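To start, the structure under review is shown below, and the notes come after it.
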Amino acid sequence: MVIELANPLTSFAAIEPSAIDQFSPHLRHCIMAQFMPDLSAVAGEQEQRTELIFVVDRSGSMHGESIRRASESLLLLLKSLPPGCRFQIIGFGSTHAALFPEAMDYNEETLAKGIQYQEAMNADMGGTEVLPALKTAYDSPLSGAGWYRQIIFLTDGDVTNADEVVGLVQSNIHKARLFSIGIGDGASTYLVSSVARAGRGLATFIRDESQLRGAVMKVLKSALEPRALPTKLHWNLQLKGADCKLTTPEIVAVPTTPPAIFSGCFSTMFAFFNGEPTELTGDLELSFDVMGDQHIVRIPISAAAGTRLLPSHKNSPLHRLAAKCLLNQLGDQLKGLQMTGANKDQDSIRKQIEQVSCMFNVVCPLTSFIGVDPVTRNEAFVVKPHLEAEHVTKRLLMSGGFAMAVPCSASVTPDCNTSDCAADTVDSPNVAHGGFMALCSQSMEEPVERQEDSIVKLVKLQQFSGSWPLVDDVVALLEIDAGMVHKEKPKTWQASSPNDLSDSAWITMLVIAYFELRHSESEVEWELVVRKARQWLHSQAKLVEPSTAAAKALCDKLLERARQLIRTNMHKATK
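Numbering-wise, the sequence shown is residues 1 to 575 according to the UniProt record's numbering.
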């Protein structure tokens, strides 16, 4: 059963008026625009001249299931890379090491070396020193003119110098785009989210290691999408006065540069403006180019005026979301300047951060909330639990051996005013993650050895070209009798053609059908692998039918025959 939305997600905007001048007398009101461009026209296309660098955490905390899942994910990544790209692998812990001196062409030889690295990969590199590994990724020479670098960063931990790491990414935004994946409960939300935001990529968090393969492949798919450049947002807004004359309101866009566009993801932007929202006319226009074709998405302001995301505008949630976005932008700029040692604008940006934070009552690394309770409180009577010493000791050992103080998080009351937010000297949001921090996330018991599933085994057997060989190992994984495979194999591509259908082409069709019918719920894991296989099949079909459309139709016809064989076998298995 497939459950789908009755109406697909579309672009929309909402206006949040401010009844009082609590924020700024000139920029009182807020617009939030969320764009969902339709990129179906380029679905299946991939970025050309792409250099992919995989930065993988191999610290001791990755021991066990995490490193096994990471190894499987790396296998899927390597097998899914498109022809013509270049790649590099950097493992890090207390130290870091790269597979190649520089990014290498993706070919049969380099793929074999990548697979050797993947098979030998262990969590044996000590602590978590991210900064040197990312520096190596950024500092290595780019492949050449017209090439674009994309970094996929995978970690399960935290670092003490997260701001430096974010600053490094921010200062190198012109060199590469960065995608981040956080594994498990120990992954730093601040680090993973911040580096992806600063690197204009996507951040993904995986609490269950069994979901890692799918998450990694989603990230790779986004990284391989054709880039939308340049992205421009035009706020075509006008105010209609009492005399019916149109004037252009003052607009402050947040962020100043529109975020990167990815298929299936909303791109969110805000703007502050003056004037009365009821008198606002015009539209919002997002424009960008993909593979030489211009795309324009418009949202009429009349539609935004009628959109209510919440039943009430009390406490101005959109204003505060916009302020948080602005604080992130300013904070990333500050970290980038600190990383490069440029002192020119640091004081000015710090002042802006404090002003925005206090104006909108949104806490940030340079501010904090101060609560004053005028009521005299009596000491509460606390009932101490009776716990056996042995039980307490065991719990502490299993959670890491050390108990740490839990920081108290101040709640923000709905009626607090801007004076509640004062400048402070907090250096990093890392000081207030809250909760109990375990210094060791691994159980003292040895993990049970887990067998590879059929997806991983089949991907291992796929050849560099994208095809599979007709060998016993592949047939066994498809759970089909070898005699049936040969019996049902067509002799030629089509009845009127003398061109023989090769064993590799037929078994490749069966593998594709097997993935589609037996592992449809895991499509994100094998989608790119199958895309590569289809491209190889089409190249073979074009030897028979030079026309692209005819070759595709020929492949589709034979693939349906392969699906029928898999369905028949599935039906027999259920009897």
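Glycine included, each C-beta is placed from N, C-alpha and C at the ideal position. All figures in this text were calculated on a predicted structure; none of them were measured in a lab.
Pro82 CB to nearest heavy atom of the ligand MN below 7 Å: Absent from the structure shown: the ligand MN. Ligands present: none.
C-beta atoms of Ser143 and Ala97 nearer than 8 Å: no
8 Å Cβ cutoff met for Ser59 and Ala123: yes
Span separating the alpha-carbon of Lys232 from that of Ala253: 12 Å
DSSP three-state assignment for Ala6, whether helix, strand or coil: coil
Where Met125 falls, given that 16 or more other Cβ within 10 Å makes a residue buried: buried
Glu129 versus Lys489, Leu191, Gln88 and Ser140, residue with shortest Cα-Cα distance: Leu191
Separation of Ala322 from His295, as counted between CA atoms: 26 Å
According to DSSP, residues forming a beta bridge with Tyr148: Thr50
Extent of the continuous alpha helix (DSSP H) to which Cys358 belongs: Gln346 to Phe360
Residue of Leu9, Cys30, Val216 and Tyr138 minimising C-alpha distance to Leu75: Val216
Trp235 - partner residues in DSSP beta bridges: Leu284
For Gly91, three-class secondary structure by DSSP: strand
Helix, strand or coil at His538 according to DSSP, with G and I counted as helix: helix
Cα-Cα separation, Trp468 to Val475: 10 Å
Ala41, buried or exposed, once every other Cβ within 10 Å from all chains shown has been counted against 16: exposed
Nearest residue (CA-CA) to Glu51, options Leu224, Asp472 and Val356: Leu224
Straight-line Cα distance separating Gln352 from Gly331: 10 Å
Nearest-angstrom Cβ-Cβ length linking Val55 and Leu134, presumed shorter than 8 Å: 6 Å
Beta-carbon proximity of Ser194 to Gly336, cut-off 8 Å: no
Close Cβ partners of Gly184 (< 8 Å) along its chain, the five nearest in sequence each way excluded: Ser66, Asp156, Ile206, Arg207, Glu209 and Ser441
Enclosing beta strand (DSSP E) for Met269 [first to last residue]: Ser267 to Phe273
Residue of Asp293, Leu239, Glu108 and Met269 minimising C-alpha distance to Gly282: Leu239
Best match in Ser94, Gln150, Ser140 and Glu109 for proximity to Asp158 [C-alpha to C-alpha]: Ser94
Proximity winner among Tyr117, Ala120 and Lys218, relative to Val529 (alpha-carbon distances): Lys218
When Thr204, Pro226 and Ala482 are compared against Asn569, the one with the closest alpha-carbon: Ala482
Among Asn161, Gln333 and Lys542, nearest to Ser497 - alpha-carbon criterion: Lys542
Endpoints, the beta strand (DSSP E) within which residue 576 is located: There is simply no residue 576 to check, as the chain begins at 1 and stops at 575 in what is shown.
Thr367 (DSSP reduced to helix, strand or coil): strand
Tyr106 at chain D interface by Cβ criterion, 8 Å: The chain labelled as chain D is not found in the depicted structure, where only one protein chain is given.
Extent of the continuous alpha helix (DSSP H) run through Asp556: Thr548 to Thr574
Beta-carbon spacing of Ile181, Arg200 below 8 Å: no
Extent of the continuous beta strand (DSSP E) run through Val252: Ile251 to Val254
Distance, Asn328 Cα to Ile3 Cα: 36 Å
Through-space distance from Ser348 to Glu354, alpha-carbon basis: 10 Å
Cutoff 7 Å; reference Leu178; Cβ partners in own chain excluding five residues on either side: Ile151, Phe153, Val169, Val195, Ala196, Gly199 and Gly201
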